[in-house]
Amino acid sequence: MFTRARKNTRGRTAAALIALTAGLLLTTTACADAKKADPQEKAFPFSGKKLNVRTNDNPTDLVPADIEDVRVTLWFHEGASLGGSDITWELKGDTLDLDASCSGLADCDTKFRVEVPRDLTVLRNGKATDLKG
1 MFTRARKNTR GRTAAALIAL TAGLLLTTTA CADAKKADPQ EKAFPFSGKK LNVRTNDNPT
61 DLVPADIEDV RVTLWFHEGA SLGGSDITWE LKGDTLDLDA SCSGLADCDT KFRVEVPRDL
121 TVLRNGKATD LKG
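Oh and the sequence shown: position 56 is 56 in UniProt numbering, straight run, nothing missing.
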């Protein structure tokens, strides 16, 4: 009986050490940085007068430009991960929804840049912006 208890203790100790080591490796190597990511781009045809950009707490630059459509650039970098990532960038009606996140034991960093026509009124998360062309 003593031998069985000792084996169970060793097994739990080994599992705890493996989990601790994995956690330390993730925290020391994960360091996601959007500046390291290759940019991805999408253009959305838009004929409206007002655009609501939902950022979902992601860093997002709004920039007026001499263009006719709405252009989005995404920088997304995922460090070491024991989870997944979910990226959304879509235009539905007058709302541009931008979201990028990680789940599980993951580290990711995101940045969006949205270029809009100069004559467009732009809201950020439903609130007016000072965006001027």
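Ideal Cβ placement from N, Cα and C applies to all residues, glycine included. Since this is a predicted model, take the numbers as computed values, not measurements.
Cα-Cα separation between residue i and residue j, rounded to whole angstroms
i	j	result
Ser-101	Arg-12	33 Å
Leu-123	Thr-129	6 Å
Pro-45	Thr-110	24 Å
residue 142	Glu-115	No statement about residue 142 is possible, as the shown extent of the chain runs from 1 to 133 and does not include it.
Asp-125	Leu-91	At residue 125 the sequence reads Asn, which differs from the Asp that was named. Cα-Cα distance, rounded: 14 Å.
Arg-118	Leu-96	17 Å
Asp-61	Thr-55	10 Å
Asp-69	Leu-131	16 Å
N- and C-terminal bounds of the beta strand (DSSP E) containing residue i
i	result
Thr-121	121 to 124
Phe-44	40 to 44
Asn-52	50 to 54
Pro-64	60 to 65
Contacts around residue i, its chain only, beta-carbon distance under 6 Å, and the 5 residues preceding and following it disregarded
i	result
Pro-39	Thr-73 and Trp-75
Val-63	Glu-115
Leu-120	Leu-51
Lys-127	none
Chain-order list of residues whose beta-carbon lies under 7 Å from that of residue i (same chain, five-residue window excluded)
i	result
Lys-42	Val-72 and Trp-89
Asp-94	Gly-48, Lys-50, Leu-51 and Asn-52
Asn-58	Leu-98, Asp-99, Ala-100, Thr-110 and Phe-112
Assigned secondary structure, residue i (DSSP; H/G/I helix, E/B strand, else coil)
i	result
Thr-13	helix
residue 164	One cannot answer for residue 164 here, as it falls past the ends of the chain, which runs 1 to 133.
Glu-90	strand
Leu-131	coil
Cys-31	coil
Arg-71	strand
Test: residue i CB closer than 9 Å to a CB of chain D
i	result
Thr-110	This model lacks chain D altogether; it includes just one protein chain.
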